[in-house]
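Asks:
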Amino acid sequence: MGEGGNRSVHDIDRRQRTVKGRTTLIGAGMIAWLIVSGSGCVSKDEAPRLRTVSLPDVSRAADSVQEQLRARYASLTLTAENANTAAAVLGNEYGEMGKLLMASEYRDAAEPCFLNAQALMPSDIRWPYYLAHLYRLRGEPAKSAAYFESTLRLQPDDVAALVWLGGIYLVQGRPEAAESQFSKALVLRPHLGAALFGLGRTALAKREYAGAVKYLEEALAQDQLASSIHYPLATAYRGLGDTDKAESHLRQRGQVDPLPPDPLMSELNGLLHSALAYERLGEKALDKKEWQAAVAYFRKGVEIAPDNASVRHRLGTALFLSGDAVGAAQQFEEVLRRSPDFAKARYSLGVLMISSGREREAIEHLSAAVKYDPRYVEGRLRLAEVLRRRGRLEEALAQYEQVMMIDPRAAEAPFGVAITFIHLRRYQDARDRLIEGMHEYPSQPAFARALARVLAAAPDDRVRDSQQAMTMTQQLIAQRQTVDLAETMAMTLAGMGQYKQAAALQREVMAAANKAGHQEVVKQLAENLARYERNEPCRTPLRADDPIEAFEPVLSQN
Amino acid sequence: MLLLLLLASLTGCKADRAAQAPSRATDTARNGEPEWFVDRAHDVGIDFVHFNGMSGEFYFPESMAPGVGLLDYDNDGDLDVYLVQGTMLGANTISQAAFPPGNPLPLRGRLFRNDMTIHQDGTRTLRFTDVTERSGIDSRGYGMGVAVGDFNNDGCVDLYLTNFGPNQMFRNNCDGTFADVSKQSKTNDPGFSVSASFVDYDRDGWLDLYVGNYLDYTIEANQKCFLITGERDYCPPTAYRAQPDRLYHNNRDGTYADVTAKALVGGEYGPALGVATADFDSDGWLDIYVANDNHDNLLWMNQRNGTFRNTALSSGAALTSEGKAEASMGVDAGDFDNDGDEDLFITELTGEGSNLYVNDGTAVFEDQSARSGLGALSLPYTGFGTAWFDFDNDGWLDIMAVNGTIAAIEALRRANDPFPLRQRKQLFRNLANGQFEEVADRAGAAFQLSEVGRGAAFGDIDNDGDVDVLVGNDAGPTRLLINNVGDRKHWLGLRLVGERKRDMYGARVAVLRGKGSTLWRRARADGSYASANDPRVVVGLGDSTEAPTVRVIWPSGRVEEWARVAIDRYTTLIEGSGR
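The structure is reproduced here in structure tokens:
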């Protein structure tokens with residue numbers, strides 16, 4: 004059907020093609036006539052004035068999108084040409100056209116569709132509601148507010164409109180008006196996370212920190228996956244002077260918003276048959292941990308664009324998260340069959356192999372990942388980790404050192420170097436690297452934990468320092484009690500000649516491991532217990548699968 | 027009847043006006059009043075059109091340049107201009123460029139010398155001369171931005187150019203020429219750099235250098251990205267990894283040492299676009315704020331021992347009040363509420379709204395974007411270059427933002443605009459109550475031009491006591507917006523220099539007014555987006571004719587005062603010569 008330019012017969016730009024025959028767009032005058040003739044009860048003078056609607060140039064869009072938009076436009080045109088069309092039917096056609104255009108992010112083109120739909124069906128809340136969102140997305144808060152207000156005049160108990168309008172009022176710097184909307188929403192839907200979140204933000208805007216904490220804590224309780232609540236909650240706690248709680252919430256911050264149930268927008272967002280549209284829907288489902296829904300969306304995306312490595316890779320990820328490791332592997336392998344240099348798929352296969360104990364294959368995949376993407380930090384870190392576990396220590400070191408050159412933020416790399424030094428029995432180097440790490444990354448406790456262990460149990464007399472190990476371990480335990488720190492304390496006590504206390508503590512650690520069902524760990528711990536009972540110190544800082552080796556990054560909290 | 031109805035409805039269609047040349051014949055607006063700002067670029071000899079090398083491959087740098095620079099390279103008391111230029115990217119040749127070059131080849135950055143004449147009656151004739159050839163500045167890479175500073179303390183300002191590719195340092199020889207010392211200085215970072223700032227962070231009297239790096243991007247690894255419809259478009263920054271910024275310490279011998287790992291504790295970084303340095307906690311040491319694209323912004327607080335710690339998150343300066351990491355392109359620090367501390371303004375994408383973070387004096391910030399009105403007013407626009415400046419000299423800092431999207435504007439796309447990213451500029455007037463109003467509709471025809479605005483440098487180009495604006499447009503002509511309104515009020519002009527006549531970036535100025543509050547300003551060349559500003563301080567005094575006392579807090583920590591400093595003229599204050 005046409006290509007290039009707007010597909011409107013009434014386009015006054017003569018460079019653009021004329022659309023012929025049945026696809027001719029109906030102008031306002033004819034619409035008025037149709038309404039008069041169709042309804043039989045609207046006079047010519049009362050006929051709503053309609054706007055010109057035209058299809059944008061979709062020639063560069065994906066085939067599935069072109070088909071969809073053209074089919075919808077054809078339906079609109081056919082309906083409009085039919086002299087017997089009732090106003091509501093025509094209004095619906097305009098509305099559906101508008102929805103599809105909006106879903107395609109052709110917001111300017113969608114606008115007249117919705118305006119026409121509203122003119123033809125003035126008591127239908129869908130059209131002012133969609134217009135409100137359209138203006139919101141276009142960055143026109145005044146218009147958006149006006150249309151949410153229109154929606155609410157038609158349906159005062161529309162919770163989604165109340166919450167969205169409250170949000171717009173906040174953007175406009177009108178917290179009092181916002182509060183009113185959120186409060187109404189809460190009356191209609193008690194415990195609604197989105198409304199509580201809105202009231203919390205409103206209270207913050209008014210600097211009412213105690214009120215903000217109250218609402219935001221309740222919002223979090225109602226919608227624990229809405230990680231974006233943590234940041235304003237942190238701000239509220241900071242306003243109250245509670246920096247510990249503020250920092251705790253900052254660490255948990257995320258980007259998932261609490262949203263009101265919004266069937267109209269959900270419907271609109273699910274309309275477009277495009278790979279990217281399904282990818283976005285799938286990502287939202289992943290955020291909400293709705294694995295099966297995510298799988299379904301990504302599958303649709305793959306059906307439309309089988310060569311799209313990104314969507315297929317996400318499908319694999321969603322399958323893995325849903326528990327289907329085999330399905331996941333198949334998708335990752337299919338990605339590589341079509342796009343051999345897609346490093347993320349190689350990485351994902353590597354991680355899958357690690358989780359199923361196939362470390363040799365994991366090394367192959369991870370090596371390929373970093374070969375195709377030499378700056379793939381995560382790929383190099385996982386490769387280094389598995390190389391280290393396999394005893395290929397020099398190769399592991401090389402990978403960690405590459406990461407340190409690529410990304411100074413990656414504290415795991417210098418930590419990994421230190422742990423590898425321990426395995427290489429280069430205890431001085433390990434100690435020095437850990438001390439440097441403590442200074443460079445003061446918010447990462449892994450360095451201190453590992454250093455305390457080295458100081459407690461290194462066989463090198465130049466490195467071992469029981470006194471310092473004791474001081475450090477006590478400080479660390481005061482912050483957080485963990486099994487590995489208890490082991491370190493036991494080693495330290497033994498190193499200071501306090502074998503009875505060491506043995507007693509070791510037995511406690513073993514009991515804890517036993518209770519947790521870690522029988523292998525209990526066996527390993529028994530070796531040190533035997534030493535302590537023989538009045539011998541431990542001179543092996545790390546045991547097999549020692550938790551000290553695991554880097555648990557703390558999200559930056561300043 | 028049908029056609030008439032349709033014509034009537036088409037006039038309601040939302041479409042940006044095509045770029046149009048402003049009226050040159052007169053500076054008079056329709057109501058007979060002089061236009062507040064008038065574009066004089068062409069009239070005064072700045073005929074420069076940025077070339078972005080677009081060829082349909084959607085290479086990332088095409089949509090991000092250029093910055094612009096103001097500097098007095100010849101020390102004759104007026105501001106000269108440096109303009110960054112692009113090149114073709116990838117394997118395509120110039121003949122395949124979407125927009126052919128608007129200037130003669132070869133494509134290179136250009137230096138324009140200000141040859142202004144001030145007549146006896148006080149009127150000015152502005153004239154610029156392209157002196158690139160004789161200057162020795164040879165910059166033919168893909169230019170991104172400009173930073174200026176006298177890094178060797180010889181009294182002549184030097185030039186640092188950020189590129190997509192190795193950066194360049196040009197040392198001013200103080201004779202109208204420059205030498206390329208990129209390699210010798212060891213500042214030729216090969217990354218994708220955008221904004222940079224000269225800052226004496228350790229108070230040793232020598233300018234160090236912070237370079238904001240953007241993305242780990244190469245032409246060879248250019249990804250294909252698509253709109254939701256499947257149509258090809260530029261990729262978002264999240265398609266690539268960020269590149270670490272760099273902090274260089276001045277070795278005082280013409281070289282720098284890369285102290286990034288040692289000095290920036292925690293090593294955090296993001297895709298940096300804007301950099302602004304200021305003393306945010308008023309402890310006498312300069313801090314560094316970095317605006318990152320779609321990532322937490324950074325607030326490197328000076329620890330006074332050669333290191334910095336990033337406190338942006340805990341201090342409310344990393345994210346919006348909702349916890350969102352927004353696009354964050356341009357940034358400036360300024361005391362807009364006249365309470366003595368530096369507040370932050372950051373330009374953002376369409377739909378995000380620009381952000382105002384208000385300092386409580388201890389480098390803890392509150393997001394007042396909504397309360398100020400700035401958030402809502404800027405929602406429809408994507409802002410880049412920006413600055414706090416008192417355009418009308420009423421004593422309150424206003425804001426200007428140059429706009430231009432990075433995603434195609436639907437109306438322009440429908441009109442077959444080959445570069446459908448054009449938007450008009452915005453000017454926000456400070457209402458002195460924490461709120462702002464947009465006044466671009468009164469600012470002149472130049473503010474109604476829809477262009478792809480990127481860099482903006484602010485400075486008094488005609489030395490008449492009000493701040494003018496140099497604007498760089500992506501694949502478009504440079505604009506020189508001369509301010510016609512600020513000089514209707516009284517003003518105080520200060521140049522703050524050290525004993526070696528170097529501009530003392532970061533020096534804070536308190537203008538103590540007998541009948542009014544103290545006005546705080548700061549000497550700076552950084553901020554905005556990829557651009558270099560006039561370091562002189564222009565303080566609007568409104569209708570006051572009183573010659574105020576001026577107190578300066580120098581970057582060294584020394585505090586001095588000058589009494590009854592003359593108004594409506596420039597005065598140079600030299601460190602060590604005050605009370």
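These protein sequences, in sequence, are chains A and B.
Each residue of the first sequence is one higher than the one before, counting from 4 in my numbering.
Each residue of the second sequence is one higher than the one before, counting from 27 in my numbering.
Each residue gets a CB set at the ideal place from its N, CA and C atoms; glycine is no exception.
The structure displayed is predicted, hence computed values, not measured ones.
Less than 7 Å between C-beta atoms, sequence neighbours within five positions excluded: which residues of the same chain meet that for A:Glu337?
Replies: Excluding positions up to five away in sequence, the list reads Arg315.
Asks: Check this for me: beta carbons of B:Leu520 and B:Val535, under 8 Å apart or not?
Replies: In this structure, B:Val535 lies closer than 8 Å to B:Leu520 by Cβ.
Asks: Just to make sure I have the definition right: I need the residues of chain A whose C-beta is within less than 7 Å of the C-beta of B:Leu253. Which are they?
Replies: The answer, in chain order, is Glu108.
Asks: Comparing alpha-carbon positions, which option in B:Ala304, B:Glu83, B:Met327 lies nearest B:Asp369?
Replies: Ranking B:Ala304, B:Glu83, B:Met327 by Cα distance to B:Asp369 puts B:Ala304 first.
Asks: For the alpha helix (DSSP H) containing B:Thr544, name the first residue and the last one.
Replies: Note, B:Thr544: premise wrong, no alpha helix (DSSP H); not H, not E.
Asks: Any C-beta of chain A within less than 8 Å: which residues of the segment 150-175 of chain B qualify?
Replies: Within the segment 150-175 of chain B, no residue has a Cβ that lies closer than 8 Å to any Cβ of chain A.
Asks: Quick one: grab the DSSP three-state call for B:Gly356.
Replies: Coil.
Asks: Measure how close the beta-carbons of A:Tyr109 and A:Leu134 come, nearest whole angstrom, since I'm counting them as under 8 Å.
Replies: The Cβ separation is near 14 Å, so there is no contact.
Asks: Which of the three DSSP states is assigned to A:Ile564 in this structure?
Replies: It is not possible to answer for residue 564 of chain A, since the shown part of chain A is limited to 4 through 561.
Asks: Between which two residues does the alpha helix (DSSP H) carrying A:Arg340 extend?
Replies: 328-341 is the extent of the alpha helix (DSSP H) around A:Arg340.
Asks: If we require 3 or more residues per run, which beta strand (DSSP E) segments fall completely within the segment 382-432 of chain A?
Replies: For the segment 382-432 of chain A, not a single whole beta strand (DSSP E) run of length 3 or above is found.
Asks: If contacts are defined as beta-carbon pairs under 8 Å, then B:Val225 and B:Tyr531 qualify, I think. What distance do you get, rounded to the angstrom?
Replies: That pair is a contact at about 6 Å.
Asks: Would you say A:Thr26 faces chain B, with C-beta separation under 8 Å as the test?
Replies: Its pLDDT being 34, under 50, A:Thr26 is placed unreliably in this model, and the value from its coordinates should be taken loosely. No - not a single Cβ of chain B is within 8 Å of the one on A:Thr26.
Asks: Alpha carbons only, please: which of B:Pro216, B:Ala317, B:Asn419 is nearest the one belonging to B:Ala359?
Replies: For the residues B:Pro216, B:Ala317, B:Asn419, the minimum Cα distance to B:Ala359 belongs to B:Ala317.
Asks: Mind listing the chain A neighbours of B:Gly242? Cutoff is C-beta to C-beta under 7 Å, in chain order.
Replies: It should be noted that the sequence gives Asp, not Gly, for residue 242 of chain B. Those are Arg378, listed as they occur along chain A.
Asks: With 9 Å as the limit, tell me which residues of the segment 269-292 of chain B have their beta carbon closer than that to any beta carbon of chain A; keep them in chain order.
Replies: Against chain A - using a Cβ distance shorter than 9 Å - the residues of the segment 269-292 of chain B are Pro270, Thr286, Ala287, Lys288, Leu290, Val291, Gly292.
Asks: Is A:Thr205 close to chain B, meaning its C-beta is less than 8 Å from at least one C-beta of that chain?
Replies: Judged by the 8 Å Cβ criterion, A:Thr205 is not in contact with chain B.
Asks: With a 10 Å radius around its C-beta and 16 neighbouring C-beta atoms as the bar for buried, classify B:Thr412 as buried or exposed.
Replies: Answer is buried; the Cβ neighbour count reaches 16.
Asks: Measuring only between beta-carbons, confirm whether A:Lys47 sits less than 8 Å from chain B.
Replies: Below a pLDDT of 50, predicted positions are generally treated as unreliable, and A:Lys47, at 46, falls in that range; the measurement from the model is reported next regardless. Not closer than 8 Å to any Cβ of chain B, the Cβ of A:Lys47 fails to qualify, so no.
Asks: Could you give the first and the last residue of the continuous alpha helix (DSSP H) run that contains A:Pro235?
Replies: It spans 233-242 - the alpha helix (DSSP H) in which A:Pro235 sits, taken as one unbroken run.
Asks: Less than 8 Å between the C-beta atoms of A:Ala215 and A:Ala206, yes or no?
Replies: Contact flag set, yes.
Asks: At a CB-CB cut-off below 9 Å, which residues of chain A make contact with B:Ser219?
Replies: In chain order: nothing, as chain A lies at least about 16 Å away.
Asks: Determine, using beta carbons only, whether B:Arg43 comes closer than 8 Å to chain A.
Replies: Interpretation of B:Arg43 is limited by its pLDDT of 28, a score under 50 that renders its predicted location unreliable; the figure taken from the coordinates is listed afterwards. Chain A, which has no Cβ nearer than 8 Å to the Cβ of B:Arg43, makes this no.
Asks: So, is A:Ala455 buried or exposed, given that buried needs 16 or more other C-beta atoms within 10 angstroms?
Replies: With 16 or more Cβ atoms within 10 Å of its Cβ, A:Ala455 is classed as buried.
Asks: How many Å lie between A:Gln509 and A:Ala451 at the Cα?
Replies: Cα-Cα distance, rounded: 21 Å.
Asks: Let's see if you can read the secondary structure: which residues bound the beta strand (DSSP E) around B:Gly95?
Replies: Element bounds for B:Gly95: 94-97.
Asks: Mapping the DSSP letters down to three states, classify B:Val576 as helix, strand or coil.
Replies: Three-state result, B:Val576: strand.
Asks: For B:Gln194, which beta-bridge partners are listed by DSSP?
Replies: Paired residue(s): B:Leu187.
Asks: For B:Phe84, which residues in the same chain have their Cβ closer than 8 Å to its Cβ, ignoring the five residues on either side in sequence?
Replies: Asn248, Lys250, Cys251, Arg258, Asp259, Tyr260, Cys261, listed in sequence order.
Asks: Output, in chain order, the set of chain A residues within a Cβ distance shorter than 8 Å of B:Leu405.
Replies: Going along chain A in sequence order, the residues near B:Leu405 (Cβ under 8 Å) are Gly142, Glu143, Pro144, Val174.
Asks: For A:Leu545, does the three-state DSSP call read helix, strand or coil?
Replies: If DSSP states are grouped into helix, strand and coil, A:Leu545 belongs with coil.
Asks: By the DSSP assignment, the alpha helix (DSSP H) with B:Arg136 in it spans what residues?
Replies: Here B:Arg136 belongs to no alpha helix (DSSP H); instead the beta strand (DSSP E) covers 136-140.
Asks: Please list the terminal residues of the continuous alpha helix (DSSP H) segment that includes A:Thr246.
Replies: Unbroken alpha helix (DSSP H) run through A:Thr246: 246-254.
Asks: With 8 Å as the threshold, decide whether the Cβ of B:Gly82 is near any Cβ in chain A.
Replies: It does not; no Cβ of chain A falls within 8 Å.
Asks: Report, in whole angstroms, the separation of the C-beta atoms of B:Ser165 and B:Gly135, which I expect to be a contact under 8 Å.
Replies: With a Cβ gap of about 4 Å, B:Ser165 and B:Gly135 count as contacting.
Asks: State the DSSP-derived secondary structure class of B:Asp106, mapped to helix, strand or coil.
Replies: Strand.
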